[in-house]
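Written out below as structure tokens is the structure these notes cover.
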Amino acid sequence: MDALTALTIFLAYWAIVEFLKRRGVLERRGITAYGPVLMIRTERGIELLKRLARRRRFWIVLGNAGIPAVFAGMVFMFVLILFMDYTLFTSPPPPSDLTSPRNALLIPGVNQYIPLVWGLIGLIVTLIVHEFSHAISALSENIRVKSLGVLVALVPIGGFAEPDEEQLLHHSERGTRLRVFSSGVISNFITAAIAFSIFFYLLGFITPSIAVLSSDNPDLKVGDVVVEINGVKVTSPDDISKAVGEQGKIVLKLADGREVQLSGVTGVKIVQVVDGYPAKEAGIQEGWIITAVDGKKIHTLRDFLKAMEGKKGGDRVEIQVFDGSEYRNYTLTLKDANGRGLMGVQVTEYFAGVTFSYFYAENILNTLRGIPSMLTNPAGWLFLISMPIIFFNSFSFPITAFFHSSVGGWIFYALNTFYWIGWINFYVGLFNCLPAVPLDGGRVFYDVAEKLGGKRSAEIASKFLSSLIFGSIILSIVIPNMPR
């Protein structure tokens with residue numbers, strides 16, 4: 001669907017909302033319209049929440065645990081906002097998908113980084129967890145909940161629980177308010193931790209496969225899975241090397257039963273030659289193919305890495321390269337770099353014009369599995385926040401073709417579900433920590449500031465921070481897209 005069609009549908013929806021609002025239809029059904037956003041209320045489900053709220057001690061402990069979690073998230077996110085402001089004014093980024101207004105919204109299908117189905121599942125779970133936690137926490141503190149409901153702007157975009165604001169804000173103790181405000185955030189964090197734990201566990205059931213990542217051959221397309229080479233089953237780069245051996249011919253058998261014959265050299269393609277290193281000094285050029293090292297044939301990137309393993313500065317290596325028309329032989333004296341001997345080239349796999357997905361998939365898998373160990377420093381948390389944008393979005397085709405599952409294809413659906421439940425819960429929890437009213441962090445900040453400095457000081461600080469934060473978010477969209 002293009003942008004014009006989407007806009008037309010949305011404007012038509014808004015016109016219908018305005019028509020029903022003016023006719024009083026929405027009001028009669030307990031629906032409130034704020035522009036195109038509908039608040040659809042119901043009292044159904046409150047009795048269930050009351051039963052859950054009977055475990056009062058649990059909800060008090062949860063709310064108390066949420067207070068320091070909110071402040072930790074508050075500091076982290078506020079520092080992130082300040083860093084964003086500094087970047088915007090010192091080196092504003094150019095217009096891009098990242099700075100597009102549509103991607104500022106956490107709406108699956110609108111935000112291009114959030115897939116519709118998996119994002120919608122994650123968003124629904126997040127909203128239910130967040131709002132129901134507020135409601136149950138309020139009920140456990142004997143604060144009335146007037147209604148539950150959803151926010152709709154053509155599609156569901158949020159959920160809400162309506163505690164009695166008068167009772168919560170003016171007739172309850174400060175500790176009670178802080179627990180109620182913090183319960184949604186801590187519940188999101190706990191849900192994210194559980195979902196990500198399941199996600200990391202399920203990663204153990206998949207391994208990289210041999211599939212086509214790119215190809216110059218018109219008979220091969222991205223995602224084609226290779227099961228045999230020259231009649232030998234292949235599941236790893238080592239299998240590829242054994243299957244090719246010294247043979248000149250290369251016949252691939254694909255999972256769909258087709259056979260494709262390749263012609264051309266195999267090895268690693270030089271994509272960069274580094275100044276000051278022996279390869280550059282010898283006249284070796286980008287685009288050439290390294291086909292052998294010290295007499296050992298190179299068919300895959302792993303072959304090359306094995307051949308160079310253990311080499312030190314001063315060691316001599318003999319390499320064979322193909323320059324596009326003929327083979328050349330060079331003897332290089334490796335240069336020392338942190339105890340390793342390097343010839344000074346950056347390479348990528350080149351298999352007769354085909355690049356296999358194994359190392360790409362292995363990198364994805366190793367990075368995802370390594371995330372828990374990355375969370376020992378702030379950079380790891382930043383990576384987690386930005387992961388769907390800068391690294392990994394979902395297990396969808398052709399990426400699913402790059403992996404083999406030991407338990408069947410359903411594993412990819414499960415991985416996507418828990419990935420997005422975890423990420424959206426984590427992101428929404430963090431965003432709600434910001435010290436800006438009406439976010440939970442803003443309410444917690446105001447209450448604590450009032451305790452420490454009085455009502456007047458709390459109001460001034462709260463208004464200033466709210467304006468700064470929401471202004472910064474708006475500027476992060478406006479400045480990169482301003483005409484230059």
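Taking UniProt numbering, the leading residue of the sequence shown gets 1, the next gets one more, and so forth. Note that the Cβ used here is the ideal one computed from N, Cα and C, for glycine as well. In this text, all values refer to a predicted model and were calculated from it rather than measured experimentally.
Discussion item. When you compare the CB of Gln285 with every CB in chain C, is at least one pair closer than 8 Å?
Written reply: Judged by its chain identifiers, the structure shown contains no chain C, having just a single protein chain.
Worksheet item: What residue does the alpha helix (DSSP H) around Thr355 start on, and which one ends it?
Response: Residue numbering aside, residue 355 sits at position 355 when the sequence shown is read from its first letter. From DSSP, Thr355 is part of no alpha helix (DSSP H) but of the beta strand (DSSP E) over 354 to 356.
Discussion item. Rounded to whole angstroms, what is the Cα-Cα separation between Val25 and Thr42?
Written reply: Position 25 of the sequence shown, counted from the start, is the residue given in the question as residue 25. Position 42 of the sequence shown, counted from the start, is the residue given in the question as residue 42. Straight-line Cα distance between these residues: approximately 16 Å.
Item to complete: Out of Val317, Ala138, Leu154, state which residue places its alpha-carbon closest to the alpha-carbon of Phe58.
Response: Here the question's residue 58 lines up with position 58 in the sequence shown. With distances taken between Cα atoms, Phe58 lies closest to Ala138.
Worksheet entry | Boundaries (first-last residue) of the alpha helix (DSSP H) holding Asp239 | Indexing the sequence shown from 1 puts residue 239 at position 239. 237 to 244 is the span of the alpha helix (DSSP H), which, as asked, contains Asp239.
Worksheet item: Phe78: which of Ser472, Pro480, Ile479 sits nearest, CA to CA?
Response: Reading the sequence shown from its first residue, position 78 is the one you call residue 78. Checking every option, the nearest Cα to that of Phe78 belongs to Ser472.
Worksheet entry | Leu332 beta carbon less than 8 Å from that of Gly313 | Within the sequence shown, residue 313 is the residue found at index 313, counting from 1. Within the sequence shown, residue 332 is the residue found at index 332, counting from 1. No; because the gap between Cβ atoms is not below 8 Å, this pair is not in contact.
Discussion item. Give me, in chain order, the residues of the same chain whose beta-carbon lies closer than 6 Å to that of Ile424; leave out the 5 immediate sequence neighbours on both sides.
Written reply: Translated into the one-based positions of the sequence shown, residue 424 becomes position 424. The answer, listed in chain order, is Gly122, Leu123, Thr126.
Worksheet item: DSSP state of Thr333, grouped into three classes?
Response: Locating residue 333 in the sequence shown gives position 333, where the first residue counts as 1. Thr333: strand per DSSP, three-state reduction.
Worksheet item: With burial defined as no fewer than 16 other Cβ atoms inside 10 Å of the residue's Cβ, what is the status of Tyr86: buried or exposed?
Response: Taking the sequence shown and counting its residues from 1, the one referred to as residue 86 is at position 86. It is exposed - the Cβ of Tyr86 has fewer than 16 other Cβ atoms within 10 Å.
Item to complete: Report yes if the C-beta distance between Tyr419 and Ser394 is below 8 Å; otherwise report no.
Response: As a working mapping, residue 419 is identified with position 419 in the sequence shown. As a working mapping, residue 394 is identified with position 394 in the sequence shown. Taking 8 Å as the Cβ cut-off, Tyr419 and Ser394 qualify as a contacting pair.
Worksheet item: Taking only runs of the beta strand (DSSP E) that begin and end inside the region 64 to 138, which ones reach a length of at least 3 residues, in chain order?
Response: none
Worksheet item: Is the CB-CB distance between His299 and Gly267 below 8 Å?
Response: In the sequence shown, the residue the question calls residue 299 occupies position 299. In the sequence shown, the residue the question calls residue 267 occupies position 267. Contact flag set, yes.
Fill in: Selection from Asp164, Ala72, Leu254, Val265 that minimises the alpha carbon distance to Ile186
On the sequence shown, position 186 is the one that residue 186 refers to. If we check each option's Cα against that of Ile186, Ala72 comes out closest.
Item to complete: Spatial neighbours of Ala352 within its chain, please: CB distance less than 7 Å, with the 5 preceding and 5 following residues excluded, ordered by chain position.
Response: To locate residue 352, count along the sequence shown from 1; it is residue 352. Closer than 7 Å at Cβ, skipping near neighbours: Ile250, Leu262, Ser263, Gly264, Val265, Thr266.
Item to complete: Could you give the DSSP three-state label for His170: helix, strand or coil?
Response: Within the sequence shown, residue 170 is the residue found at index 170, counting from 1. Residue state, collapsed to three classes: helix.
Worksheet entry | Residue span of the beta strand (DSSP E) that contains Ile210, given as start and end | For the purposes of this step, residue 210 is taken as the residue at position 210 of the sequence shown. Premise fails: Ile210 is in no beta strand (DSSP E) and is neither H nor E.
Worksheet item: Which residues does DSSP pair with Pro163 in a beta bridge?
Response: Against the sequence shown, residue 163 aligns to sequence position 163. Answer is Val145.
Fill in: Three-state secondary structure assigned by DSSP to Glu286
For this step, residue 286 is matched to residue 286 along the sequence shown. Note: Glu286 maps to coil in three-state DSSP.
Discussion item. Pull the bridge partners of Phe200 from the DSSP assignment, please.
Written reply: In the sequence shown, the residue the question calls residue 200 occupies position 200. BP columns for Phe200 are empty, so no partner.
Discussion item. Less than 7 Å separating the Cβ of Phe426 from some heavy atom of the ligand GDP?
Written reply: The ligand GDP is absent from the structure shown, which contains no ligands of any kind.
Fill in: Spatial distance of Lys463 from Ser457 (CA atoms)
Taking the first residue of the sequence shown as 1, we reach residue 463 at position 463. Taking the first residue of the sequence shown as 1, we reach residue 457 at position 457. Between Lys463 and Ser457, the C-alpha separation is close to 10 Å.
Worksheet item: Relative to the C-alpha of Gly257, which residue among Thr191, Asp224, Trp410 is closest?
Response: Taking the first residue of the sequence shown as 1, we reach residue 257 at position 257. Nearest of Thr191, Asp224, Trp410 to Gly257, Cα basis: Asp224.
Worksheet item: Do Arg144 and Gln112 have their C-beta atoms closer together than 8 Å?
Response: Taking the sequence shown and counting its residues from 1, one reaches residue 144 at position 144. Taking the sequence shown and counting its residues from 1, one reaches residue 112 at position 112. Taking 8 Å as the Cβ cut-off, Arg144 and Gln112 do not qualify as a contacting pair.
Worksheet item: Would Lys269 be called buried (16 or more neighbouring beta carbons within 10 Å of its own) or exposed?
Response: Counting from 1 along the sequence shown, the entry for residue 269 is found at position 269. Buried.
Discussion item. Between which two residues does the beta strand (DSSP E) holding Lys269 run?
Written reply: Looking up residue 269 in the sequence shown gives position 269. Start and end: 266 to 273.
Fill in: 8 Å Cβ cutoff met for Phe200 and Pro372
Stepping through the sequence shown from its first residue, residue 200 is reached at position 200. Stepping through the sequence shown from its first residue, residue 372 is reached at position 372. It is a contact, given that the beta carbons lie within the stated cut-off.
Discussion item. Please give the ranges of any beta strand (DSSP E) in the region 425 to 476, keeping only runs that are unbroken, at least 3 residues long and fully inside the region.
Written reply: none
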